[in-house]
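So the protein lines, in turn, are chains V and R. The numbers in the first sequence follow the numbering used here, run straight up by one, and end at 160. The numbers in the second sequence follow the numbering used here, run straight up by one, and end at 115. Cβ coordinates follow ideal geometry from the N, Cα and C atoms, glycine included. The model shown is predicted, which means the values in this text are computed figures rather than measured ones. Written below as structure tokens is the structure these notes are about.
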Amino acid sequence: NAGVTQTPKFQVLKTGQSMTLQCAQDMNHEYMSWYRQDPGMGLRLIHYSVGAGITDQGEVPNGYNVSRSTTEDFPLRLLSAAPSQTSVYFCASRDTGGGDTQYFGPGTRLTVL
Amino acid sequence: EDQVTQSPEALRLQEGESSSLNCSYTVSGLRGLFWYRQDPGKGPEFLFTLYSAGEEKEKERLKATLTKKESFLHITAPKPEDSATYLCAVQAGTGGFKTIFGAGTRLFVKA
Numbered sequence: 048n049a050g051v052t053q054t055p056k057f058q059v060l061k062t063g064q065s066m067t068l069q070c071a072q073d074m075n076h077e078y079m080s081w082y083r084q085d086p087g088m089g090l091r092l093i094h095y096s097v098g099a100g101i102t103d104q105g106e107v108p109n110g111y112n113v114s115r116s117t118t119e120d121f122p123l124r125l126l127s128a129a130p131s132q133t134s135v136y137f138c139a140s141r142d143t144g145g146g147d148t149q150y151f152g153p154g155t156r157l158t159v160l
Numbered sequence: 005e006d007q008v009t010q011s012p013e014a015l016r017l018q019e020g021e022s023s024s025l026n027c028s029y030t031v032s033g034l035r036g037l038f039w040y041r042q043d044p045g046k047g048p049e050f051l052f053t054l055y056s057a058g059e060e061k062e063k064e065r066l067k068a069t070l071t072k073k074e075s076f077l078h079i080t081a082p083k084p085e086d087s088a089t090y091l092c093a094v095q096a097g098t099g100g101f102k103t104i105f106g107a108g109t110r111l112f113v114k115a
């Protein structure tokens, strides 16, 4: 049982490049979400999904896309990277069947030059 | 607007010196309040969930309490290994699918 895994751990992009941050969980959780964490600020919700085929926007969705084709995977796509997207990104999952605890991945540190 | 504020931003304690961290919140329809611990370079790790005013939960040297406007994380006789950032978060609204985090309190415990 690996929990929530994220790849890569570190990434450097140039402005305008695109990339996909990967997130997978093996706990059969329906709910998955993406957050970004910036210094001095709390974790901010980017996008979330309540099940395969269902996604919705969080607090800061601009510049990011998501899709959910399987229960296990929830990739985050940066369409055209900007320096303002330099941040640490965390993926989390939660069982909506009675438990409210969110389990977080180890994070991806992204730098956009 | 839903909001979560944590204080202090940073707290330096001597080993054995008990203290409390504060989390004040303004949300409509609180479904739950969460405390997480985050070590440098790692993802947040769940500590507690509180659902209603008056509720308390304990784990080792940590005790979390909840009122209608705030939550406290009490740390009794802390050890250096308790050094971390402690995050407070609230779940609110219909479905509880959006979680709002505070900026965290960085705790340093010196031996």
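Checklist entry - Among the residues of its own chain, which have a CB less than 8 Å from the CB of T67/V, if the five just before and after it don't count? => result Here the set comprises P122, L123, R124 and L125.
Checklist entry - Cβ atoms of L70/R and L54/R: under 8 Å apart, would you say? => result Yes, the Cβ-Cβ distance between L54/R and L70/R is below 8 Å.
Item to check | Assumed close pair L22/R, T80/R - CB separation to whole angstroms, cut-off 8 Å | outcome: Per the sequence shown, the amino acid found at residue 22/R is Ser instead of Leu. Contact holds; Cβ gap of about 5 Å.
Checklist entry - So is F57/V buried or exposed if we call it buried at 16+ other beta carbons inside 10 Å? => result F57/V comes out exposed.
Checklist entry - Is the CB-CB distance between R41/R and L34/R below 8 Å? => result Contact check for R41/R against L34/R fails: the beta carbons are separated by 8 Å or more.
Next on the checklist: If I follow the unbroken beta strand (DSSP E) through D73/V, where does it start and stop?
Outcome noted: Where D73/V is concerned, there is no enclosing beta strand (DSSP E), given that its DSSP letter is neither H nor E.
Item to check | Span separating the alpha-carbon of S95/V from that of L160/V | outcome: The displayed chain sequence assigns Tyr, not Ser, to residue 95/V. Distance between Y95/V and L160/V, taken at the CA atoms: about 27 Å.
Next on the checklist: Looking only at its chain, what residues have a beta carbon closer than 7 Å to the beta carbon of S75/R, apart from the 5 residues adjacent to it on each side?
Outcome noted: Residues C27, L37, L54, A68, T69 and C92 of the same chain have their beta carbon placed closer than 7 Å to that of S75/R, with the five preceding and five following residues left out of the count.
Next on the checklist: Contact defined as beta carbons within less than 8 Å: I believe G63/V pairs with A128/V. What is the distance between those atoms, to the nearest angstrom?
Outcome noted: Right, their Cβ atoms sit about 7 Å apart.
Next on the checklist: Under 8 Å, Cβ to Cβ, is there at least one residue of chain R near P153/V?
Outcome noted: Yes, because at least one Cβ of chain R sits closer than 8 Å to the Cβ of P153/V.
Checklist entry - Using a C-beta to C-beta distance shorter than 9 Å, which residues of chain V count as neighbours of D46/R? => result Residue identity differs from the one stated: residue 46/R is Lys in this sequence, not Asp. Simply F151, P153 and G154.
Checklist entry - If you drop the 5 nearest sequence neighbours on each side, which residues of the same chain put their C-beta closer than 6 Å to that of Q95/R? => result The answer, listed in chain order, is R35, G36 and T103.
Item to check | Option nearest D85/V by Cα separation, candidates L111/R, A107/R and V113/R | outcome: Checking every option, the nearest Cα to that of D85/V belongs to A107/R.
Item to check | Interfacial residues, the stretch 113-125 of chain V to chain R, with Cβ spacing under 8 Å | outcome: Flagged: no residues at all.
Item to check | Cross-strand partners of K46/R (DSSP beta bridge) | outcome: In the DSSP secondary-structure assignment, K46/R is not bridged to any residue.
Checklist entry - In the DSSP assignment, what residue or residues form a beta bridge with F121/V? => result DSSP output for F121/V lists no bridge partner at all.
Item to check | is_contact[L160/V, chain R] using C-beta, thresh 8 Å | outcome: Not closer than 8 Å to any Cβ of chain R, the Cβ of L160/V fails to qualify, so no.
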